[in-house]
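First residue of the sequence shown? That's 0 in numbering that gives the first Met the number 0, and the numbers climb one at a time after it.
Ideal placement from N, C-alpha and C gives every residue a C-beta, glycine not left out.
Since the structure is predicted, the reported quantities are computational estimates derived from the model, not experimental observations.
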Amino acid sequence: MFISNAYAQTAGAADPGLMGNLTTFAPLILMFVVMYFLMIRPQQKRQKELKTMMDALAKGDEVITAGGLLGRVSKVTDTYVTVEVAAGTEVVVQKNAVTALLPKGTLKSL
Numbered sequence: 000m001f002i003s004n005a006y007a008q009t010a011g012a013a014d015p016g017l018m019g020n021l022t023t024f025a026p027l028i029l030m031f032v033v034m035y036f037l038m039i040r041p042q043q044k045r046q047k048e049l050k051t052m053m054d055a056l057a058k059g060d061e062v063i064t065a066g067g068l069l070g071r072v073s074k075v076t077d078t079y080v081t082v083e084v085a086a087g088t089e090v091v092v093q094k095n096a097v098t099a100l101l102p103k104g105t106l107k108s109l
């Protein structure tokens, strides 16, 4: 009718070989390597630092919690930390809620 028939070519395409396949996947491999060094590796390093900080918590340390409370650690257990936020006022928080360890004497300077 109005549209002519289309037929597939009879001659096969040349096999690109190993280098052709490698250059096809090179951008994908390169993108993964860049993502590893820019995103995954720094995050793993930060998690490792937080874990060592949580394991090293001791009585008398001055800390900041995830909620923004500043206080001195008065008791440490396996999963919980008791933080004294004011004289006679203590708050029990989970260990992973402690986000930063302050230098000694920071609370007195505030």
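Considering only the alpha carbon of each residue, which of LYS103, LEU109, TYR6, ILE2 lies closest to MET58? Going by the sequence as given, residue 58 is Lys instead of Met. LYS58 has its Cα closest to that of LYS103, out of LYS103, LEU109, TYR6, ILE2.
Considering only residues of the same chain and omitting the five flanking positions on each side of GLN93, which have a CB-CB separation below 7 Å? THR78, TYR79
For VAL91, count neighbouring C-beta atoms within 10 Å of its own C-beta (all shown protein chains included) and say buried if the count is 16 or more, exposed if not. exposed
Option nearest LYS50 by Cα separation, candidates ASN95, LEU106, ASN4: ASN95
Buried or exposed (CB count within 10 angstroms, at least 16 for buried), GLY70: Buried.
What is the DSSP secondary structure of TYR6, counted as helix, strand or coil? coil
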